[in-house]
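Structure first, then comments.
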Amino acid sequence: MTTNYAVIGLQWGDEGKGKIVDLLSKDLKVAVRYQGGHNAGHTILFSGRKLVLHLIPSGVLHPDVTGVIDRGVVVDPEAFLREKEELEKGGLSLKGRLFLSKDAHMILPYHSLADGLGETLRGSLPIGTTRRGIGPCYEDKLARRGVKLSTLLDPKALREALEAAVSMRNPLHKGLNAPAIDIDKEIARLEGLAEGIRPFIVDTFELLDNFQRQGRSLLFEGAQGTLLDIDFGTYPFVSSSHPSIGGIFTGSYCDYHIPLKVIGLVKAYTTRVGEGPFPTEEMGETGKTLQERGHEYGATTGRPRRCGWLDLVALKYAVKLNGVSSIALTKVDVLDSFASIPVCTSYLYKGERLSTFPTEPWILEKLRPEYTELRGWQQPSSSLRNGDPLPEALKEYIAFLEEKLEVPVSLLSVGPDREETLNLRPLVG
Ligand code: IMP
């Protein structure tokens, strides 16, 4: 029987999903985005140059892969066209193999404006969002004043949807001294973009239903990470979507009778962009070293990422929640020169050891992580190639993670190139 696959980040995003999806696309020919928007940044080396995809599934870099942006994603039409054009300039043809769900909601300029204003109004308690309008667009969707891509196919529906949105947004704008939204201008702007977008809009339910009935495996490409999930993450310091497994079932059509294997993406240390609690964060020199060696700067906003050690309490929670079948461990080479590598194995809070990951920022900020020191391997892992024996200390590091997380580590990424990948077990099949 066919199996569907998902690639889900188990930390606060930026686990290196782009590269792994790219590798899996050799075997899996349908890549589906189910949540988030162009707040994501998946970096891939493509024809010798570095490419960052924010919205379009990274799988489409393979000319025989079909890409689907499904209904759980919020789509900025300009961002979509920009990315599509960049890919086409690079020689990729996307017609007939890239699809947008008619039911996905559009991010409109007033969402990005509201994102920025919202951050400013929070004063000393910002979320540190990407200011791309993601949160306000999901807000409008849940408040039932969103504007779906399907409205680009029906002028009357577009005007009505915008009127509903603006009836709420304009009074807000007035109170905040922001310019009123002019519906006619917005319709004219969208009309200008629609021609390039309409050919891609389809009923993705029917499309994915057909694929699954034909026995084609789907690859669900998660964006962000489990700890940024609106319900399971460190609220309110989260994104506004469901990067974890539930998002696949609400944001797309995954036939749950078909086995689903979840590949959990774990960076060999931890990073976080934006505000919010981070128990294993290293504020001093060690954090800086990780940041520099790992080139930890946001692919979307360029912000420096906060860095710290691996957190097995948080990872255990994410492994369980997502039903992870195997782990792909990335950026292993960043730890190459450390003589000793601390790994957080438990949390102490008010003198008691916690039994699970608390999502409350006020607890996460106060608890004390307890660490186990593991031996560093102190040799360049990026020069290792598939089949090479691993340094003993690296084997111990992997065995420790497998024992604590009760999931096999199937792949190591030791550099950005495809060849810098060590397969310990097959990920697919
Ligand atoms: P938003 O998704 O722009 O609303 O931002 C909410 C939080 O999620 C902020 O802390 C962002 O830095 C973080 N975030 C959003 N997208 C990503 C991502 O792709 N990687 C890492 N962090 C992200």
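Note that the sequence shown covers residues 0 to 428 in numbering that gives the first Met the number 0. Backbone N, C-alpha and C fix where the C-beta goes; we use that ideal spot for every residue, glycine too.
Counting the other Cβ atoms within 10 Å of the Cβ of W11 gives 16 or more, which makes it buried.
Look at I19: its beta carbon is at least 7 Å from all of the heavy atoms in the ligand IMP. The nearest non-hydrogen atom of the ligand IMP is 7 Å or more from the C-beta of Q290. Under DSSP, F210 takes part in no beta bridge, so it has no partner. Between the C-alpha atoms of G250 and R70 there is a straight-line separation of about 5 Å. The beta carbon of L227 sits closer than 7 Å to at least one heavy atom of the ligand IMP.
Counting other Cβ atoms within 10 Å of its Cβ, W361 stays below 16 and is therefore classed as exposed.
Within the chosen limit of 7 Å, the ligand IMP reaches the beta carbon of I126 through at least one heavy atom.
Within the chosen limit of 7 Å, the ligand IMP reaches the beta carbon of V237 through at least one heavy atom. The beta carbons of L54 and M105 sit no closer together than 8 Å. D310 sits in a strand when the DSSP states are folded into three classes.
Per DSSP, F231 lies in no alpha helix (DSSP H) and is assigned neither H nor E. A Cβ-Cβ contact shorter than 8 Å links H110 with G132.
Looking at the DSSP output, G263 shares a beta bridge with I7, I326.
G35 and V74 do not touch by the CB rule: their CB atoms are close to 11 Å apart, not below 8 Å. Within the same chain, and ignoring the five residues on either side of K18 in sequence, the residues whose Cβ sits closer than 7 Å to its Cβ are I43, S412, P415.
Sixteen is the threshold: since fewer than 16 other Cβ atoms of the shown chains lie within 10 Å of the Cβ of N209, the residue is exposed.
Within the segment 246 to 294, the complete beta strand (DSSP E) segments of 3 residues or longer fall at 259 to 266, 269 to 271, listed in chain order.
In this chain, the beta strand (DSSP E) harbouring I340 covers 339 to 348. Inclusion of E274 in the 7 Å shell around the ligand IMP follows from its C-beta lying nearer than that to a non-hydrogen atom of the ligand.
Per DSSP, the unbroken alpha helix (DSSP H) holding G174 starts and ends at 154 to 174.
Note that the segment 304 to 323 touches the segment 254 to 271; at least 3 beta-carbon pairs, one per stretch, sit closer than 8 Å. Take the alpha-carbon of F98 and the one of P56: they are about 10 Å apart. If you draw a straight line from the Cα of D335 to the Cα of L112, it comes to about 43 Å. Counting only the Cα atoms, C136 lies some 11 Å from R143.
Within the same chain, Cβ atoms closer than 8 Å to the Cβ of D387 are found at L421, the five residues on either side in sequence being excluded. Annotation for T279: T269, G307, W308, D310, C343, P368 place their beta carbon closer than 6 Å to its own, counting only its chain and skipping 5 residues before and after. Taking the C-beta atoms as reference points, R188 is found no nearer than 8 Å to T1. In the displayed model, P56 falls within coil according to three-state DSSP, outside both helix and strand. Taking a 10 Å sphere around the C-beta of Q223, we find 16 or more other C-beta atoms and assign the residue as buried. Taking 8 Å as the upper bound for CB-CB distance, A177 and L93 are not in contact here, some 36 Å apart.
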